[in-house]
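Taking this note's numbering, the leading residue of the sequence shown gets -12, the next gets one more, and so forth.
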Amino acid sequence: KTNAQYLFADRSCQFLLDLIISLGFRRVLSVGTPRLHEMIQLKASQEEDFRVRSLLLDIDFRYSQFYTEDEFCHYNMFNHYFFGGEAAHETCRKFLHQEKDERVIMVTDPPFGGLVEALASSFKKLMAVWKDTEKGGNKNKEMPMFWIFPYFFESRILEFFPSFNMMDYQVDYDNHALYKHGKTGRRQSPVRIFTNLSPSVIVLPAEEGYRFCAICQRYVSSGNQHCEICNSCTSKDGRRWKHCVLCKKCVKPSWFHCNKCDCCALENHTCEKTDVGCFVCGKAGHKRSACPSLSRTGTSGQRAEKIVATQFLLLLVSFALFSNLFFFPSGISGVLCNSV
-12 KTNAQYLFAD RSCQFLLDLI ISLGFRRVLS VGTPRLHEMI QLKASQEEDF RVRSLLLDID
48 FRYSQFYTED EFCHYNMFNH YFFGGEAAHE TCRKFLHQEK DERVIMVTDP PFGGLVEALA
108 SSFKKLMAVW KDTEKGGNKN KEMPMFWIFP YFFESRILEF FPSFNMMDYQ VDYDNHALYK
168 HGKTGRRQSP VRIFTNLSPS VIVLPAEEGY RFCAICQRYV SSGNQHCEIC NSCTSKDGRR
228 WKHCVLCKKC VKPSWFHCNK CDCCALENHT CEKTDVGCFV CGKAGHKRSA CPSLSRTGTS
288 GQRAEKIVAT QFLLLLVSFA LFSNLFFFPS GISGVLCNSV
């Protein structure tokens, strides 16, 4: 399981490719989406008039056995590192150089446990490479992008990419026990498409239960009903959400407003709120930066650093004494004694 990589179901993969073609893109930067890359490569070898090209960036070096250096780059999306060095970086740069009739889009499917901040930093660097290759008109634009991620990360993604919108389309995976389409899947997939393209141009399949909301000007799931108070189709998980007047927003249908917590939550939730105490004195009601015990002597920052340093030195001395490891040179031991 440590090396597991979940792959798009054929249904979702075909939808993504059809959507990319219908939007007029001819180059796909596939970051961690090997199945989409494979489908594009297969169609290109079978159909002479197929004009879509793909470059795969992935952490799994084994793909180098199947694809050429112009089709695959060994890449870590968490720190924007090309294992192939400057040659691989140049391959990516040339691929992102957009010709007149070959618009580029990036499609990425990162690990769900990955830190959003690190991923966003790498994606912005790829966008910067794309922008540097452009001449003239696209300097103020973002590279078009599909970020495949669970809907409960929406606030984190919007924090780094405010221009993004979340689509209602549920992305499924073949080799995932939960996020699988049909009767074999145990629950509906929470994975969605985040994009900086206009929601009105993302057409979702009507045969799968999606419809167009004329007010929101975008396609939504059949259970996602428009809220007149919020003036939006607010559901995130495909169910019809209800509006809470006290919270001033729509919430899940299984949630109820708790007067004690002053928010909506599950009916059988625990109302107790744990009070986080101050790191220095342990008392509630203030943080370390505003601790009264720090304001007595010196600045709060210096006092806090001295306390932490003293505690660390005491820990080192205790470890040495109890372990009979008197490995400190005379100079260091003198510093320790004076510090303590």
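Ideal Cβ positions, reconstructed from N, Cα and C, are used throughout, including at glycine. Please read all numbers here as calculations on a predicted model, not as lab measurements.
Count the other C-beta atoms from every protein chain shown that fall within 10 angstroms of the C-beta of Val94, then say buried if there are 16 or more, exposed otherwise. Buried is the call here.
Where Phe110 and Pro137 are concerned, what is the direct C-alpha to C-alpha distance, given to the nearest angstrom? Rounded to the nearest whole angstrom, the CA to CA distance from Phe110 to Pro137 is 17 angstroms.
Could you name the residues of the same chain whose beta carbon sits closer than 6 angstroms to that of Phe266, not counting the 5 residues immediately before and after it, in chain order? Its chain contains Arg275 as the residues whose beta carbon lies nearer than 6 angstroms to that of Phe266, once the 5 sequence neighbours on both sides are disregarded; these appear in chain order.
Should Leu10 be counted as a contact of the ligand MG given a C-beta to heavy atom distance under 7 angstroms? Judged by which ligands are present, the structure shown has none, so any question about the ligand MG falls away.
What distance in whole Å lies between the Cβ atoms of Glu58 and Leu42, which are believed to be in contact at a cut-off of 8 angstroms? The pair is a contact, with the Cβ atoms about 7 angstroms apart (cut-off 8 angstroms).
Tell whether a beta-carbon distance below 8 angstroms holds between Arg90 and Arg40. For the pair Arg90 and Arg40, the CB atoms are not nearer than the 8 angstroms cut-off.
Among Lys87, Phe65, Ser219, Glu56, which has the Cα closest to the Cα of Ala74? Of Lys87, Phe65, Ser219, Glu56, the smallest CA-CA separation from Ala74 is found for Glu56.
Euclidean distance between Cα positions of His213 and Cys203: About 8 angstroms.
How many whole angstroms separate the CB atoms of Asn211 and Asp155, which I take to be in contact at a CB cut-off of 8 angstroms? So it is a contact: roughly 6 angstroms between Cβ atoms.
For Tyr50, I'd like the list of residues in its chain whose CB is within less than 7 angstroms of its CB, leaving aside the five on either flank, ordered along the chain. Excluding sequence neighbours, Tyr50 sits near Pro21, Leu43, Phe59.
Suppose you measure from the CA of Phe148 to the CA of Ala107; what does that come to, to the nearest Å? Rounded to whole angstroms, the separation of the alpha carbons of Ala107 and Phe148 is 8 angstroms.
Based on DSSP bridge pairs, tell me the residues matched to Met130. None; Met130 has no bridge partner.
Spatial neighbours of Asp(-3) within its chain, please: C-beta separation below 8 angstroms, excluding the five flanking residues on both sides. For Asp(-3), the CB contacts under 8 angstroms within the same chain, skipping 5 residues up- and downstream, are Asp161 in chain order.
Is it right to say Cys79 is buried, meaning 16 or more other beta carbons lie within 10 angstroms of its own, or is it exposed? That one is buried.
Could you pull the start and end residues of the beta strand (DSSP E) that Leu113 belongs to? Looking at the DSSP string, Leu113 is not in any beta strand (DSSP E); the run it does join, the alpha helix (DSSP H), is 103 to 120.
Which runs of the beta strand (DSSP E) fall wholly inside the region 212 to 290 and span at least 3 residues, in chain order? Counting whole runs of 3 or more residues, the region 212 to 290 contains the beta strand (DSSP E) stretches 229 to 231, 236 to 238, 242 to 245, 250 to 253.
Kindly indicate the opening and closing residues of the alpha helix (DSSP H) around His24. 21 to 33 is the extent of the alpha helix (DSSP H) around His24.
What are the partner residues of Ser41, as DSSP defines its beta bridges? Residue pairing for Ser41: DSSP places it in a beta bridge opposite Val15.
Which residues share a DSSP beta bridge with Tyr160? Beta-bridge analysis with DSSP links Tyr160 to Phe(-5).
Check each candidate in Glu146, Asp159, Ile180 and name the one with the smallest Cα separation from Pro131. Per the Cα distances, Ile180.
Taking Cβ to Cβ, would you say Asn70 is nearer than 8 angstroms to His61? One point to set straight first is that residue 70 is Phe, not Asn, in the sequence displayed. Yes, Cβ-Cβ distance for Phe70 and His61 is below 8 angstroms.
Can you grab the Cα-Cα spacing for the pair Glu77 / Ser176, in whole Å? Rounded to the nearest whole angstrom, the C-alpha separation of Glu77 and Ser176 is 37 angstroms.
Taking the beta carbon of Thr257 as the centre, do at least 16 other beta carbons fall within 10 Å, making it buried, or is it exposed? Answer is exposed; the Cβ neighbour count stays below 16.
Following the continuous alpha helix (DSSP H) through Phe147, name the residue where it begins and the one where it ends. Where Phe147 is concerned, the enclosing alpha helix (DSSP H) stretches over 141 to 147.
Which stretch, first to last residue, makes up the alpha helix (DSSP H) that contains Gly55? This sequence places Thr at residue 55; Gly is not what is there. Looking at the DSSP string, Thr55 is not in any alpha helix (DSSP H), and its letter there is neither H nor E.
Using three-state DSSP, classify Pro137 as helix, strand or coil. In the structure shown, Pro137 adopts extended strand secondary structure according to DSSP, grouped into three states.
Ends of the alpha helix (DSSP H) at Arg80? Where Arg80 is concerned, the enclosing alpha helix (DSSP H) stretches over 72 to 83.
Please classify Glu34: is it buried, with 16 or more other beta-carbons within 10 angstroms of its beta-carbon, or exposed? Exposed, by the Cβ-count rule.
Status (buried if at least 16 other CB within 10 Å, exposed otherwise) for Thr297: By the 16-neighbour rule on beta-carbons within 10 angstroms, Thr297 is exposed.
Does the Cβ-Cβ distance between Lys112 and His67 come in under 8 angstroms? Their beta carbons are under 8 angstroms apart, which means Lys112 touches His67 by this criterion.
Under 8 angstroms, do Cys251 and Cys268 count as touching if we go by C-beta distance? Going by C-beta atoms, Cys251 is not nearer than 8 angstroms to Cys268.
Sequence-distant residues of the same chain with beta carbon closer than 7 angstroms to Ile144, five excluded per side: Val103, Trp134, Phe136, Phe151, Phe181.
Look up Ile180 in the DSSP assignment and give the residues it is bridged to. Bridge partners of Ile180: Ile135.
If you draw a straight line from the alpha carbon of Ser222 to that of Leu184, how long is it in whole angstroms? One Cα belongs to Ser222, the other to Leu184, and the distance between them is close to 20 angstroms.
Can you name the start and end residues of the beta strand (DSSP E) that Val94 belongs to? Per DSSP, Val94 belongs to the beta strand (DSSP E) from 90 to 95.
Selection from Pro192, Ile27, Pro279, Met114 that minimises the alpha carbon distance to Lys128: Lys128 has its Cα closest to that of Met114, out of Pro192, Ile27, Pro279, Met114.
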